[in-house]
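Right, one structure below, let's go through it.
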Amino acid sequence: AQKVTQAQTEISVVEKEDVTLDCVYETRDTTYYLFWYKQPPSGELVFLIRRNSFDEQNEISGRYSWNFQKSTSSFNFTITASQVVDSAVYFCALSEGPSGGSYIPTFGRGTSLIVHP
Amino acid sequence: DSGVTQTPKHLITATGQRVTLRCSPRSGDLSVYWYQQSLDQGLQFLIQYYNGEERAKGNILERFSAQQFPDLHSELNLSSLELGDSALYFCASSPYRLGTATNEKLFFGSGTQLSVL
Numbered sequence: 007a008q009k010v011t012q013a014q015t016e017i018s019v020v021e022k023e024d025v026t027l028d029c030v031y032e033t034r035d036t037t038y039y040l041f042w043y044k045q046p047p048s049g050e051l052v053f054l055i056r057r058n059s060f061d062e063q064n065e066i067s068g069r070y071s072w073n074f075q076k077s078t079s080s081f082n083f084t085i086t087a088s089q090v091v092d093s094a095v096y097f098c099a100l101s102e103g104p105s106g107g108s109y110i111p112t113f114g115r116g117t118s119l120i121v122h123p
Numbered sequence: 009d010s011g012v013t014q015t016p017k018h019l020i021t022a023t024g025q026r027v028t029l030r031c032s033p034r035s036g037d038l039s040v041y042w043y044q045q046s047l048d049q050g051l052q053f054l055i056q057y058y059n060g061e062e063r064a065k066g067n068i069l070e071r072f073s074a075q076q077f078p079d080l081h082s083e084l085n086l087s088s089l090e091l092g093d094s095a096l097y098f099c100a101s102s103p104y105r106l107g108t109a110t111n112e113k114l115f116f117g118s119g120t121q122l123s124v125l
C-alpha cells in the first residue's frame, strides 16, 4: 500500500528565509509518480511538479527546487527567499500503478507554511 | 483558474438530510476524482469515474454515491448526513487516457464546503 508522510505540520518563517518541506513515501512498486500541490488560502489545490520513479534529476523552477532521492524515499521541496505569497498548505502525493487501469494519488497530511513579512 | 467547476461553494444542512454536489471537469478531460478533506483525515480519495464508468473506489461510505453523466459532469450524493460528514469536498479532473502509461496531474476545483448541523 502506498503511504506519504509529511512530518512537518506547520512551518513559520520570516520573508526571504529559505525553507524546506519534507516528504517521505512508501511504496512496493518500482514504477510510481510523486507530486507536490499547493493549497493557498483560497482553497483550490494547484499542481506544482510531477516526477516519475525513473527520473531522479533534481529540478529547479525559479525559487522552487525539488530533491528526489530514491535511496531515502524522499521528495523534498525547497523554497528559496520565501515570500508572503508562498503562505499555503503544501501537499506531497504518491501514485502507484496503474491499479485497475487508474492512477489514484495518495496525499500526505500537508505542511502549512506561514511566511511573515 | 483550473477549469474545473464545482457547485455549490458552500452548503449548510442538517443531520439526516441528503445533498448533491456537482462537478464539471475541464474541457476534454474524461477522468473525474472526488476527494474529501477534513482536519481529522486529511485529503481522502473517495471515488473515480472515467468516461461515465466507475474506475476506482477509495474510502467512500455506503451512504455516499456518485455518477458521471454522458456530458462528463459528475455528481456526488451524500445521504443520511452526520455531523462527521462536515468537510471540504473536492472534485478533480485529469487528462489521463485509459491504457496510457503516463500518470497525469490532477486539476482541482475550488471545492464545496459542507457543514452538517
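Protein chains in written order, with this note's numbering: chain A, 7 to 123; chain W, 9 to 125. Idealized CB from N, CA, C, for every residue including glycine.
Beta strand (DSSP E) segment containing residue i, residue limits
i                           : result
lysine 76 of chain A        : Careful: lysine 76 of chain A lies outside any beta strand (DSSP E) and carries neither H nor E.
cysteine 31 of chain W      : 27 to 32
phenylalanine 53 of chain W : 50 to 58
cysteine 98 of chain A      : 94 to 102
threonine 120 of chain W    : 120 to 124
threonine 108 of chain W    : First-last for threonine 108 of chain W: undefined, no H or E at that position.
leucine 119 of chain A      : 117 to 122
serine 48 of chain A        : No beta strand (DSSP E) holds serine 48 of chain A; DSSP gives it neither H nor E.
valine 40 of chain W        : 39 to 46
valine 91 of chain A        : No beta strand (DSSP E) holds valine 91 of chain A; DSSP gives it neither H nor E.
isoleucine 17 of chain A    : 16 to 20
Under the three-state DSSP convention, the category residue i falls into
i                        : result
valine 12 of chain W     : coil
glycine 68 of chain A    : coil
valine 91 of chain W     : For the record, residue 91 of chain W in the displayed sequence is leucine; it is not valine. Three-state DSSP puts leucine 91 of chain W in a helix.
histidine 145 of chain W : Any property of residue 145 of chain W remains undetermined from this structure, which presents chain W solely from 9 to 125.
When the options are compared against residue i, the one with the closest alpha-carbon
i                            : options                                : result
phenylalanine 113 of chain A : W:Gly11, W:Leu38, W:Gln52, W:Arg26     : W:Gln52
arginine 57 of chain A       : W:Thr120, W:Phe116, W:Glu112           : W:Glu112
arginine 26 of chain W       : W:Leu84, W:Leu106, W:Tyr41             : W:Leu84
phenylalanine 41 of chain A  : W:Ser123, W:Phe115, W:Thr120, W:Leu125 : W:Phe115
valine 40 of chain W         : W:Arg34, W:Thr28, W:Tyr57              : W:Tyr57
glycine 36 of chain W        : W:Pro16, W:Val12, W:Thr108             : W:Val12
valine 121 of chain A        : A:Tyr96, A:Tyr109, A:Val91             : A:Val91
threonine 36 of chain A      : A:Gln8, A:Arg69, A:Asp28, A:Leu54      : A:Gln8
glutamate 23 of chain A      : A:Ile110, A:Ile85, A:Ser118            : A:Ile85
lysine 17 of chain W         : W:Lys65, W:Cys31, W:Ile68, W:Arg63     : W:Cys31
aspartate 48 of chain W      : W:Thr120, W:Ala95, W:Cys99             : W:Ala95
tyrosine 38 of chain A       : A:Trp72, A:Ser79, A:Val20, A:Asn64     : A:Ser79
Residue i: contacting residues in chain W (beta-carbon distance under 7 Å)
i                       : result
arginine 115 of chain A : Gly50
serine 202 of chain A   : With chain A running from 7 to 123 in the structure shown, residue 202 of chain A is simply not present.
Chain W contact residues for residue i, given Cβ-Cβ distances below 8 Å
i                           : result
phenylalanine 74 of chain A : Simply none; closest approach about 15 Å.
tyrosine 39 of chain A      : Asn111
phenylalanine 83 of chain A : The contacting residues do not exist; phenylalanine 83 of chain A stays about 15 Å from chain W at best.
phenylalanine 97 of chain A : Leu51
Outcome for residue i when other beta-carbon atoms lying within 10 angstroms are tallied against a minimum of 16
i                           : result
glutamine 89 of chain A     : exposed
leucine 122 of chain W      : buried
glutamate 134 of chain A    : Residue 134 of chain A falls outside the range modelled here, since chain A spans only 7 to 123, and no answer is possible.
glutamate 102 of chain A    : buried
aspartate 93 of chain W     : buried
leucine 125 of chain W      : exposed
phenylalanine 72 of chain W : buried
valine 10 of chain A        : buried
glutamine 12 of chain A     : buried
alanine 100 of chain W      : buried
Under 8 Å by beta carbon: chain A residues contacting residue i
i                      : result
glycine 119 of chain W : Gly49, Glu50
Contacts that residue i makes with chain A (C-beta to C-beta distance below 7 Å)
i                           : result
phenylalanine 72 of chain W : None at all; the shortest Cβ gap to chain A is about 17 Å.
serine 94 of chain W        : Going along chain A, no residue has its Cβ under 7 Å from serine 94 of chain W, so there is no contact; the nearest lies around 15 Å.
serine 46 of chain W        : In chain order: nothing, as chain A lies at least about 11 Å away.
Per-residue contacts from residue i into chain W (C-beta, under 9 Å)
i                           : result
alanine 56 of chain A       : One point to set straight first is that residue 56 of chain A is arginine, not alanine, in the sequence displayed. Those within 9 Å of arginine 56 of chain A in chain W are Asn111, Glu112, Lys113.
phenylalanine 60 of chain A : Going along chain W, no residue has its Cβ under 9 Å from phenylalanine 60 of chain A, so there is no contact; the nearest lies around 11 Å.
Chain-ordered chain B contacts of residue i [CB-CB under 7 Å]
i                     : result
serine 101 of chain W : Here chain B cannot be found, since the structure's protein chains are A and W.
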